[in-house]
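Below: one structure, written as structure tokens.
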Amino acid sequence: MLKRLIGLLFPPTQQDTNAGLKMTGNRITVNAEDFTIFTSNYYEEPVNTDSLEVRMLDGLTGHQTNHVQEREICYLSCAYLDNNTHIELLSPYIYKDRVTVNFLLEKHKQISIYVNPADCREYYFDIDFMNA
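Heads up: the sequence shown runs through residues 582 to 713, numbered per this note's numbering.
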């Protein structure tokens, strides 16, 4: 019985956090050419699985086992006027390079953005196709 109660409190399925915003928010459909793509670089270092002793000896001898990789990430920007107010919406990071993001945008043609009517600072870019 206790397991059932815990199961009801903490369901095993992950609920979509933006499902409510998709249902109640104002939907804005934006053409792909109206987006601006911004890029940024970040550095990724693999997880070090060596033991502490091996890492200490490598540090003393100057031997570096970590290979830092530079990655490119993108995000989209969309600006519009609402009641003479300039509003700019920024998407979450897209972990793909600029060429791939541009290709996916041209292929998809339009993106829906769901904006909370009560607070325009709360919005959701429907870009799940970018992560497929």
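Positions of the beta carbon are idealized from the N, C-alpha and C atoms, including for glycine.
Beta-carbon separation of residue i and residue j under 8 angstroms?
i, j, result
"Pro673", "Asn607", "no"
"Lys603", "Tyr661", "no"
"Met711", "Val680", "no"
"Glu651", "Asp678", "no"
"Leu670", "Ala613", "no"
How should residue i be labelled, buried or exposed, when 16 other C-beta atoms within 10 angstroms of its C-beta is the threshold for buried?
i, result
"Leu657", "buried"
"Cys701", "exposed"
"Tyr704", "buried"
"Phe619", "exposed"
"Ser706", "Checking the sequence shown, residue 706 turns out to be Phe, not Ser. Its Cβ being crowded by 16 or more others within 10 Å, Phe706 is buried."
What distance in whole Å lies between the Cβ atoms of residue j and residue i, which are believed to be in contact at a cut-off of 8 angstroms?
i, j, result
"Gln691", "Thr617", "The Cβ separation is near 16 angstroms, so there is no contact."
"Ile668", "Ile708", "Not confirmed; about 18 angstroms, so no contact."
"Cys655", "Asp615", "So it is not a contact: roughly 16 angstroms between Cβ atoms."
"Val649", "Tyr624", "5 angstroms"
Let me check one thing: in DSSP terms, what residues is residue i bridge-paired to?
i, result
"Leu662", "His667"
"Tyr704", "Val696"
"Thr642", "In the DSSP output, where bridge partners are listed per residue, Thr642 has none listed."
"Asn607", "Val696"
"Arg652", "Tyr623"
"Asn683", "Note: Asn683 sits in no beta bridge, so no partner."
"Asn612", "Gln691"
"Leu633", "According to DSSP, which records beta bridges pairwise, Leu633 is partnered with nothing at all."
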